[in-house]
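Below is one structure, written out as structure tokens; comments come after it.
In my numbering, the protein residues as written are 122 to 419.
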């Protein structure tokens, strides 16, 4: 009588041990979202592409009544050469760079300190201050131009860099965003630090700020972009040609022969190019910062 033999199952290979993740199914909603996003991207890219093409046309082709993506006389960089010849682009770019950087740095310091106080410290008038900050977000900035101008005039700061910088360092919206983010940080971390003898300033510098790097980066980028693009206030606050920012300086390049479309598009691209570079390098911080602000629940 034959005895049954027991056979061991073959050992599983490392491939069999890998846990296979289920493939994500494409639903109708996801496909529709992708299509809508692609459509919006195309709507944004078409004007930008047209501005770029126009900037590399001659003025004759740019002002022609017949619309053409490919100019009959070919592409040329004459519009950019004309802009650089008629204006001081390096100086204006430097003025925009250092004023925007100063506005960003001062805004971060002020907004972070105010937001931390509103988030963690109980003091008299806290609710009133928070109400004022929210109300200030609603007020259109042009409404404050005349009071700010008279304030700078009283301080004898007109036609100085400080006249451009100081009125732009108060951002109620950024205070609100940072305050909402600080509210999400567990208070247990601070309580443990207090038990170890840490002061309020040390907690802010060594605990709150390191945990807030994504939102601080996002706020810095948003403030820098806003300061760089600001045209109205630098135009009003300065008359000195050596203090003109890039958006203001480019508007001084005018021609006596009517509207120069290629030259205008070249000026617009020169003003937008630094911001495009900033976004390309810091888009991850921007997206991450927006995603972690908690604005969706406000």
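Glycine included, each C-beta is placed from N, C-alpha and C at the ideal position.
Query raised in the report: Below 8 Å between beta carbons: does that hold for residue 214 and residue 348?
Result: By 1-based counting over the chain shown, the position of residue 214 is 93. By 1-based counting over the chain shown, the position of residue 348 is 227. It is not a contact, given that the beta carbons lie outside the stated cut-off.
Query raised in the report: Is the region 350–363 touching the region 274–290 in the sense that three or more CB pairs, one from each, lie closer than 8 Å?
Result: Contact between the region 274–290 and the region 350–363 is present, because at least three Cβ pairs lie under 8 Å.
Requested in this report: Would you mind stating whether residue 148 and residue 177 have Cβ atoms separated by less than 8 Å?
Outcome: What you label residue 148 is simply residue 27 of the chain shown in a count that begins at 1. What you label residue 177 is simply residue 56 of the chain shown in a count that begins at 1. With contacts defined by Cβ atoms closer than 8 Å, residue 148 and residue 177 do not form a contacting pair.
Requested in this report: Count the other CB atoms, across all protein chains shown, that sit within 10 Å of the CB of residue 173; report buried if there are 16 or more and exposed otherwise.
Outcome: Residue numbering aside, residue 173 sits at position 52 when the chain shown is read from its first letter. Classification for residue 173: exposed.
Query raised in the report: Secondary structure at residue 408, three-state DSSP: helix, strand or coil?
Result: Stepping through the chain shown from its first residue, residue 408 is reached at position 287. It is helical.
Requested in this report: Grab me the residues of residue 377's own chain with a C-beta within less than 6 Å of its C-beta, minus the 5 sequence neighbours each way, in chain order.
Outcome: Position 256 of the chain shown holds residue 377. Summary for residue 377: the model assigns pLDDT 46, below 50, so the residue's position carries little reliability; its value from the coordinates is reported in the next sentence. Contacts found: none.
Query raised in the report: Can the beta-carbon of residue 241 be found less than 8 Å from the beta-carbon of residue 303?
Result: Here residue 241 is taken as the residue at index 120 of the chain shown, counted from 1. Here residue 303 is taken as the residue at index 182 of the chain shown, counted from 1. Yes; because the gap between Cβ atoms is below 8 Å, this pair is in contact.
Query raised in the report: residue 320: buried (16+ other C-beta within 10 angstroms of its C-beta) or exposed?
Result: For the purposes of this step, residue 320 is taken as residue 199 along the chain shown, with counting starting at 1. It counts as exposed.
Query raised in the report: How would you label residue 271, buried or exposed, when you count the other beta carbons within 10 angstroms and need 16 or more for buried?
Result: For the purposes of this step, residue 271 is taken as the residue at position 150 of the chain shown. Result: exposed.
Query raised in the report: To the nearest whole angstrom, what separates the beta carbons of residue 299 and residue 233, a pair I think is in contact under 8 Å?
Result: One-based indexing of the chain shown puts residue 299 at position 178. One-based indexing of the chain shown puts residue 233 at position 112. Right, the Cβ-Cβ distance comes to about 6 Å (below 8 Å), so this counts as a contact.
Query raised in the report: If you scan the region 263–330 from start to end, which runs of the alpha helix (DSSP H) of 4 or more residues do you find wholly inside it?
Result: 266–275, 282–286, 293–304, 308–316, 321–324
**Report entry** Residue range of the unbroken alpha helix (DSSP H) whose run includes residue 350
**Finding:** Locating residue 350 in the chain shown gives position 229, where the first residue counts as 1. Taken as a continuous stretch (DSSP letters only), the alpha helix (DSSP H) holding residue 350 covers 334–350.
Query raised in the report: Between 207, 305, 249, 396, which lies nearest to residue 373 when the distance is taken from Cα to Cα?
Result: Taking the chain shown and counting its residues from 1, the one referred to as residue 373 is at position 252. Nearest option by C-alpha distance: 207.
Requested in this report: Answer with buried or exposed for residue 289, where buried requires no fewer than 16 other C-beta atoms within 10 angstroms of its C-beta.
Outcome: Within the chain shown, numbered from 1, the residue matching residue 289 stands at position 168. That one is buried.
**Report entry** residue 179 versus 382, 293, 388, residue with shortest Cα-Cα distance
**Finding:** For the purposes of this step, residue 179 is identified with residue 58 of the chain shown, where counting begins at 1. Minimum Cα distance to residue 179 is reached at 382.
Query raised in the report: Whose C-beta lies closer than 7 Å to the C-beta of residue 328 among residues of the same chain, with five residues either side of it excluded?
Result: To locate residue 328, count along the chain shown from 1; it is residue 207. Counting only Cβ-Cβ distances below 7 Å, and skipping sequence neighbours, we find 310, 311, 314.
Query raised in the report: Can the beta-carbon of residue 204 be found less than 8 Å from the beta-carbon of residue 391?
Result: Position 83 of the chain shown, counting from 1, holds the residue named residue 204. Position 270 of the chain shown, counting from 1, holds the residue named residue 391. Cβ distance < 8 Å, so residue 204 and residue 391 count as in contact.
Query raised in the report: What number of angstroms, rounded off, separates the C-alpha of residue 307 from the C-alpha of residue 265?
Result: In the chain shown, counting from the first residue as 1, residue 307 sits at position 186. In the chain shown, counting from the first residue as 1, residue 265 sits at position 144. In a straight line, the C-alpha of residue 307 is about 38 Å away from that of residue 265.
Query - Distance between beta carbons of residue 239 and residue 337, contact taken as under 8 Å - result: For this step, residue 337 is matched to residue 216 along the chain shown. For this step, residue 239 is matched to residue 118 along the chain shown. Going by Cβ atoms, the distance from residue 337 to residue 239 rounds to 16 Å, so no, they are not a contact pair.
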